[in-house]
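Residue numbers (our numbering), protein chains in the order written: chain H, 1371 to 1621; chain Y, 113 to 460. For glycine and all other residues, C-beta sits at the position ideal for the given N, C-alpha and C. A short write-up of the structure that comes next.
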Amino acid sequence: MAIVFEKPKALTDAVLHYCPGCTHGIIHRLVAEAIDELGIEGRTIGVAPVGCAVMAYNYFACDMVEAAHGRAPAVATGLRRALPDSVVFTYQGDGDLAAIGTAETVHAATRGENITVIFVNNCIYGMTGGQMAPTTLPGQITQTTPYGRDTATAGFPIRMCEMLSTLDGVALAQRVTVDSVPHVKEAKKAIQKAFQNQLDHKGFSIVEVLSTCPTNWGLTPIEAMQWLRDNMIPYYPLGVYKDKDAQKEEK
Amino acid sequence: MKGNEALAEAAIRAGCRHFFGYPITPQTEVSAYMAKRMPKIGGTYLQAESEIAAINMVLGAASAGVRAMTSSSSPGISLKSEGISYIAGSDLPCLIINVMRGGPGLGGIQPSQADYWQATRASGHGDFQNIVFAPSTVQEMVDLTFQAFDLADKYRMPAMMLADGMLGQMMEPVSFPEDYTPIQADKSWATNGHQNKRPHNIVNSLYLQADELEQLVVDRFARYEQVKQNEVLVECENTEDADYIVVAYGATARIAKAAVKAAREKGLKIGCIRPITVWPFPTEEIAAAAEGCKGFLCVEMSMGQMVDDVRLAVNGKVPVSFFGRTGGVIPTPAEVLGEIEKMAGGDR
């Protein structure tokens, strides 16, 4: 019988530990597909974060390094500088990338560090049980915002792609999501471009993927997808915030 | 050459091509030298956004299997402690320079040895050690740099050069070894891309199963035991006939030696022990010396930190006294001589 659908080669056989309805699985697959299609697994090194994806080093079949919380872009910088022919990506959540690791993110970006950053934004700290993240929406209830995020005391969510798009070192800053087939296809294209940019030495590429956390949002997987559409996309509009290629074409 | 620059040149000659740093006094010349030299020899000099980023860049480069280093001074080392712990927990080799200055807090920028506890006991969370070298001359700083990279590779652990502002800023003649070859260390664990030729490598310090983590730490400590057995460096002078022994390391040892010489000229039988590695500590040498002398004086540029290790080694056999200046104040040979005379006072 003809095989029509397979697991990407760049994923191991390890069973994912993610909760039912969490979109990490889809995003892992998209990253692995990009690695497969570009044929770069042998020279790719991934850097795992602290957070729900902390065990990503067991899931990707390329060489993997586990970084301290927020430090993945710095670790990736060290790897990339030491191995000029390698392809290095980080896979980070919102707490990791936009709170404790903001400095590492911003400076890797402004240096134009030739790495690919996959940023999974689900508006919450998932691994530790659902605390407020830098991206938690105003009014959103979490374990540490039990009355809803009050912007008067807890401030406002950070829009990373918009912020990073102002930096000259950034080649690509794009926000996508994986709530529907067309969106998954778009996300796949963005992730592939973020890797291709690295092969073309274009600089720092970040793809922010709006993601769900049914467990900590207290919703079913289907409700979570709808919550993402109703609440996250309006605050975090999908789109390309920076693309060096497109800017060149305009000129 | 200036101490800091000699150290940087030694690191390059030891095969280090990846330096990640952040500006801080009094280690500045290490970074400046690297910034000048690395681009000329195809190496990496990268000024990081923070000490935290710099040490994590070292972690990344070390994961790739290359010789990597960072350099800082006391407050910067505190910031690096997170990364040092992760490097130790991931069994990665690297070199960390601490050109110590006065503390705590922002402290001062004058020479100090007040980071001894940090270097030997608490350079990060968790059960681990660094190999810690304490040079007392610019030449020794050069020689130990080669050794530090070799031993870090051999035992897969961070090495630290515990210098101080005096050594870093001091100018002395130095010679570099002509025929150095790095030790052949197995780096098959490196995450440098599997090239579809081997299973994927993982560099990691996370182990959620308590028994698995315990076993890893126990295995690591078995390696530390080897380091303790094989790598202690110590200089003993005039200890055979000594009634009293002065223990000092780094720049302070130079001052202590001047005082010991003056004491000998006055007819006092004083010896000197200078630990060159402070972890592993020359416990056996000091314990042996304690059998034949009446007492020890430990001299440091701190309120008394290494003196703990001296007391543990002496184990109550004879009295151990302490003299120190801190905050960036350098003890004078006359002051140390005064302390020696006080200790040996009853013998005259």
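State yes or no: is the C-beta of residue i within less than 7 Å of the C-beta of residue j?
i	j	result
Y:E447	Y:L409	no
Y:Q139	Y:G440	no
Y:A160	Y:Y134	yes
Y:A302	Y:G416	no
H:T1590	H:T1393	no
Y:G172	H:L1449	yes
H:N1484	H:D1464	no
H:H1378	H:E1411	It is worth fixing the name first, because residue 1378 of chain H is Pro in this sequence and not His. No.
H:T1521	H:Q1501	no
Y:V250	Y:G115	yes
H:E1376	Y:A165	no
H:L1580	H:M1602	yes
Y:F482	Y:L207	The question about residue 482 of chain Y has no answer, for chain Y in this structure spans 113 to 460.
H:I1576	H:V1487	yes
Y:S183	Y:V244	no
H:K1559	H:L1400	no
Y:K406	Y:D323	no
Y:N316	H:E1436	yes
H:K1614	H:K1572	yes
Would you mind working out which of the options sits nearest residue i, comparing C-alpha positions?
i	options	result
Y:E349	Y:V359, Y:K340, Y:E343, Y:N342	Y:V359
H:T1512	H:I1470, H:N1586, H:A1522	H:N1586
H:F1459	H:A1479, H:C1392, H:A1473	H:A1479
Y:E453	Y:A374, Y:T395, Y:I385, Y:V390	Y:A374
H:A1616	H:P1584, H:C1583, H:V1548, H:L1542	H:L1542
Y:I466	Y:R366, Y:S235, Y:V426, Y:N342	Examination of residue 466 of chain Y is not possible in this model, given that chain Y is present from 113 through 460 alone.
Y:L241	Y:L345, Y:R332, Y:T438	First, the residue type needs correcting, since residue 241 of chain Y is Gln and not Leu in the sequence shown. For the residues Y:L345, Y:R332, Y:T438, the minimum Cα distance to Y:Q241 belongs to Y:R332.
Y:M181	Y:M146, Y:G457, Y:S202	Y:M146
H:D1549	H:Y1461, H:I1397, H:P1508, H:A1380	H:I1397
H:Y1606	H:T1498, H:H1571, H:R1519, H:T1506	H:T1506
Y:D421	Y:I442, Y:I295, Y:E397	Y:E397
H:V1457	Y:E290, Y:S414, Y:H306	Y:H306
Y:L380	Y:A456, Y:D239, Y:P270, Y:S183	Y:A456
Y:G383	Y:E352, Y:A399, Y:P394	Y:E352
Y:P247	Y:I357, Y:S175, Y:A118, Y:V430	Y:A118
Y:G238	Y:A200, Y:D265, Y:S162, Y:T444	Y:A200
H:T1498	H:T1486, H:R1519, H:D1466	H:D1466
Y:A425	Y:G195, Y:F434, Y:T395, Y:P285	Y:T395
Y:K369	Y:A271, Y:G195, Y:A123, Y:P443	Y:P443
H:G1496	H:V1420, H:E1556, H:G1416, H:D1455	H:V1420
Y:A89	Y:M253, Y:L158, Y:P187, Y:S175	Nothing about residue 89 of chain Y can be reported from this structure: the residues present for chain Y run from 113 to 460 only.
Y:R268	Y:S433, Y:K299, Y:L328, Y:T156	Y:K299
Y:Q296	Y:M413, Y:K148, Y:A264	Y:A264
H:D1383	H:Y1461, H:Q1510, H:G1395	H:G1395
Y:I357	Y:S287, Y:V432, Y:H130, Y:N304	Y:V432
H:A1438	H:A1380, H:Q1462, H:D1406	H:Q1462
At a CB distance below 8 Å, what residues from the stretch 1425-1440 of chain H approach chain Y? Give them in sequence order. M1425, Y1427, N1428, F1430, A1431, C1432, D1433, M1434, V1435, E1436, A1437, A1438
Taking Cβ-Cβ distances below 9 Å as the criterion, which residues of the stretch 1531-1542 of chain H are in contact with chain Y? Flagged: no residues at all.
Can you give me, in chain order, the residues of the stretch 167-190 of chain Y that have a beta carbon less than 9 Å from any beta carbon in chain H? Answer set for the stretch 167-190 of chain Y: I167, N168, M169, V170, L171, G172, A173, A174, S175, A176, G177, V178, A180.
At a CB distance below 9 Å, what residues from the stretch 1445-1466 of chain H approach chain Y? Give them in sequence order. Residues V1445, A1446, T1447, G1448, L1449, R1450, R1451, A1452, L1453, D1455, S1456, V1457, V1458.
Check distances from the C-beta atoms of the stretch 1467-1498 of chain H to those of chain Y and list, in chain order, the residues that come in under 7 Å. So the close ones are A1473, E1474, H1477.
Decide yes or no for the touch test of the stretch 1605-1619 of chain H against the stretch 224-231 of chain Y: beta carbon pairs closer than 8 Å, at least 3 of them. no
The stretch 303-317 of chain Y touching the stretch 253-267 of chain Y, judged by at least three CB pairs closer than 8 Å: Cβ pair count under 8 Å is below three, so no.
Where the stretch 1579-1597 of chain H meets chain Y: residues whose CB sits under 9 Å from a CB there: none
At a cut of 8 Å, does the stretch 1415-1433 of chain H reach the stretch 189-203 of chain Y through at least three beta carbon pairs? Look at the beta carbons and you see the stretch 1415-1433 of chain H not touching the stretch 189-203 of chain Y: under three pairs across the two are nearer than 8 Å.
The stretch 119-151 of chain Y: positions lying closer than 9 Å to chain H by Cβ: R129, H130, F132
Would you check if there are 3 or more beta carbon pairs closer than 8 Å linking the stretch 1428-1438 of chain H to the stretch 142-152 of chain Y? no
If we count Cβ pairs, one from each stretch, closer than 8 Å, do we get three or more for the stretch 1464-1474 of chain H versus the stretch 341-356 of chain Y? The stretch 1464-1474 of chain H makes no contact with the stretch 341-356 of chain Y: fewer than 3 CB pairs, one atom from each, lie closer than 8 Å.
Count the CB pairs spanning the stretch 1435-1446 of chain H and the stretch 1479-1499 of chain H that are closer than 8 Å, and state whether there are at least three. Judged by pairs of C-beta atoms under 8 Å, the stretch 1435-1446 of chain H touches the stretch 1479-1499 of chain H, as three or more such pairs exist.
Quick one: which residues of the stretch 304-315 of chain Y get their C-beta closer than 7 Å to a C-beta of chain H? List them in chain order. For the stretch 304-315 of chain Y, the set of positions with a beta-carbon nearer than 7 Å to some beta-carbon of chain H reads N304, G305, H306, Q307, N308, H312, N313, I314, V315 in chain order.
Which residues, in chain order, does the stretch 1394-1413 of chain H contribute to contact with chain Y at a C-beta distance below 8 Å? E1411, G1412, R1413
Minimum length 3: unbroken beta strand (DSSP E) runs contained in the stretch 1467-1496 of chain H: 1486-1491
Uninterrupted alpha helix (DSSP H) stretches inside the stretch 213-300 of chain Y (no shorter than 4 residues): 228-232, 250-267, 277-281
Does the pairing of the stretch 208-216 of chain Y with the stretch 273-287 of chain Y give three or more beta-carbon distances under 8 Å? yes
Counting only runs that start and end within the stretch 343-412 of chain Y, where is the beta strand (DSSP E) found for 3 or more residues in a row? 346-349, 356-359, 382-387, 389-391, 407-412
What ranges does the alpha helix (DSSP H) occupy inside the stretch 1573-1601 of chain H, keeping only unbroken runs of at least 4 residues that lie completely in it? For secondary structure counted as the alpha helix (DSSP H) over 4 or more consecutive residues, the stretch 1573-1601 of chain H holds these complete runs in sequence order: 1584-1587, 1591-1597.
Taking only runs of the beta strand (DSSP E) that begin and end inside the stretch 142-194 of chain Y, which ones reach a length of at least 3 residues, in chain order? 156-159, 180-184
Enumerated in chain order, which unbroken segments of the alpha helix (DSSP H) with a length of 4 residues or greater are wholly contained in the stretch 115-145 of chain Y? 115-125
Output the residue ranges of the alpha helix (DSSP H) runs that lie fully inside the stretch 415-455 of chain Y and measure 4 residues or longer, sorted by chain position. 418-426
Run through the stretch 1397-1423 of chain H for me and flag every whole beta strand (DSSP E) of 3 or more residues, listed as ranges in chain order. 1414-1418
Along the stretch 220-237 of chain Y, what residues have a CB closer than 9 Å to any CB found in chain H? none
Would you mind listing the beta strand (DSSP E) stretches within the stretch 1490-1551 of chain H that are 3+ residues and don't spill past its ends, in chain order? 1540-1547
Return the residues of the stretch 194-205 of chain Y that lie within a Cβ-Cβ distance of less than 9 Å from chain H, sorted by chain order. E194, G195, S197, Y198, S202
Is it a yes or a no for the stretch 379-395 of chain Y touching the stretch 421-433 of chain Y, going by three-plus beta-carbon pairs under 8 Å? Judged by Cβ distances under 8 Å, the stretch 379-395 of chain Y makes contact with the stretch 421-433 of chain Y, as three or more pairs qualify.
Taking only runs that begin and end inside the stretch 314-338 of chain Y, name each unbroken beta strand (DSSP E) of 3 or more residues, in chain order. Segments of the beta strand (DSSP E) lying fully in the stretch 314-338 of chain Y: there are none.
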